[in-house]
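In terms of our numbering, the sequence shown opens at residue 1370 and continues consecutively.
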Amino acid sequence: MKKPNRADSSGSVDLRPEYRFDYSKARPNPYAARLKGKAVAVVLDAEVATAFPTSESVNTALRAVMVQRRSKRGRTVASRRSRKAREHTIPAHTKKRRH
């Protein structure tokens, strides 16, 4: 791969229209096994990033939302189940016993 001229790299901050990589020189990331399944990269909007400057603050807020959604989901499912159970069950005092 050709080295860029010093004049090109010093004053230019624009991206080139095309890059050519020599994939024959590529090698696997030795740290990839450590990160597998542990980290996820997410791009935040600028205003969200200013409100949540650290990963800990983002995780805390998202966990609070998860707990809230679980409790809402649990209540709606439970109320549906209880309503269905009431519709399909016969009260004990109306059941006839067989002898």
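All C-beta atoms, glycine included, are put in the ideal place defined by N, C-alpha and C. Treat the numbers as computed from the prediction; the structure is a model and nothing was measured.
Query raised in the report: Whose CA, out of Ser-1424, Arg-1389 and Ala-1430, lies closest to the CA of Val-1412?
Result: Ser-1424
Requested in this report: Please name the residue in Leu-1431, Gly-1406 and Leu-1404 whose C-alpha comes closest to that of Val-1417.
Outcome: Leu-1431
Query raised in the report: With DSSP run on the structure shown, which of helix, strand or coil describes Tyr-1388?
Result: coil
Query - Span separating the alpha-carbon of Val-1409 from that of Lys-1394 - result: 27 Å
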